[in-house]
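Heads up: the sequence shown begins at 7 in my numbering, then just goes up one per residue.
We treat Cβ as the ideally placed atom computed from N, Cα and C, and that holds for glycine.
Worksheet for the structure shown next.
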Amino acid sequence: MKVFLTGATGFIGGHVARKLSERGDDVIAWVRDPAKAQALADLGAELREGDLSDRSAIASAMAGCDAVIHGAAIYEVGVPASRHAAMQAANVEGTENVLGAALDTGIGRTVYVSTIAAFGNTNGAIVDESYEHPGASFTSYYERTKYEAHQVAKRLIGEGLQCVIVQPGGVYGPKDHSALGKQMLDLVAGRMPLVPFPELGLNMVHVEDVAKGILLALDRGAVGASYVLGGEITTMRELMEAVAKVAGKRPPRGSIPTPLIKAIAPFGPVVGKLMGQPPNMRELISSSDGVTFWAKDDRARSELGYAPRELEPGLREMLIAEGKV
């Protein structure tokens with residue numbers, strides 16, 4: 007199979023590219039800078055240079071492919087307003103261009119990588135794929151753009167796109183450069199005495215399991231269906247306790263009082279940098295304080311044969327790969 011892949015230089019996309027290559031598929035990777043994609047070239051992927059704004063060039067590059075996997079996106083929470091245009095362009099307009107090109111080109115199979123965050127705050131409920139985001143308010147601009155992109159995918163499916171949607175949870179694994187990945191490594195290094203937003207609800211899933219789930223959706227998913235790719239329902243406090251247990255460290259003694267974080271939010275651009283937090287701390291609070299991103303993956307397990315690992319073994323594998331245990 008020849009597969010057109012976006013986001014291949016990213017955290018999830020790199021694992022997807024490797025798994026496609028390992029099973030003998032030809033990978034056509036759409037990249038902005040080939041000089042930063044040597045790892046893909048080493049896998050044998052064919053690099054095509056371009057960005058997500060050029061729909062005609064994307065369509066030309068994917069012509070002759072059997073399938074498309076669209077995973078490119080900007081994932082950041084706590085971004086200043088100056089970053090909104092770039093995030094909108096990548097996450098929403100980019101999805102319109104890639105999936106629209108797949109429809110125009112008549113690609114027989116497409117997988118769109120959405121996110122559990124497209125459901126928004128589930129307010130303590132563990133939802134499934136039938137749940138609809140209220141659409142009235144959003145905890146972050148990232149959530150908003152991924153919700154809008156999810157709607158783009160659903161609309162194009164209605165227009166005839168042969169697409170399956172997958173929704174990963176909170177993804178972790180070796181070489182995770184996200185804010186949450188940094189927090190886990192900070193704990194192991196003894197730099198996190200207190201946990202921020204301890205009741206933030208997460209569904210943590212190892213990046214290898216997400217990559218496997220994407221390929222399962224490519225091979226077995228029902229056109230028009232969405233599949234949550236989760237791992238283990240947890241909270242920030244429970245996650246950090248699990249990291250500490252696996253690393254043989256003392257767990258954090260308590261939590262950072264949320265009122266204190268709110269009090270210093272106006273000074274976010276300065277204080278956030280000192281605390282290792284993003285500059286827009288108001289957005290960080292709105293996406294973390296009393297929020298749950300909880301969804302169950304029963305459908306992926308039953309229909310795709312999806313079988314993610316449990317959290318503690320996954321964390322142990324991550325820390326071993328990082329040389330931390």
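DSSP places N97 in the helix class (H, G or I) of the three-state scheme.
Taking every protein chain shown into account, the CB of G100 has 16 or more other CB atoms within 10 angstroms, so this residue is buried.
For I163, the enclosing alpha helix (DSSP H) covers residues Y147 to G164. The three-state secondary structure of P174, taken from DSSP, is strand. The distance from the Cβ of I75 to that of R54 is about 14 Å, inconsistent with a contact at the 8 Å cut-off.
In the three-state scheme derived from DSSP, where H, G and I count as helix and E and B as strand, H21 is classed as helix. According to the DSSP assignment, M210 belongs to no alpha helix (DSSP H) but to the beta strand (DSSP E) extending over G207 to H212. Look at L105 here: in three-state DSSP terms it is helix. For K8, the secondary structure class from DSSP, reduced to helix, strand or coil, is strand. Taken through DSSP and simplified to helix, strand or coil, A69 comes out as coil.
Across the structure, T15 and D57 are spaced so that their CA atoms are roughly 13 Å apart. From the listed residues I291, T128 and V249, the smallest Cα separation to A269 is found for I291. Within the same chain, Cβ atoms closer than 7 Å to the Cβ of G20 are found at A14 and A45, the five residues on either side in sequence being excluded.
The three-state secondary structure of H183, taken from DSSP, is coil. A check of alpha carbon separations from P258 across E165, D192 and E135 identifies D192 as the nearest. In the pairwise beta carbon analysis, the stretch 169 to 178 is classified as touching the stretch 212 to 222: at least three pairs are separated by under 8 Å. Following the DSSP letters along the chain, one finds T264 inside the alpha helix (DSSP H) bounded by residues T264 to I270.
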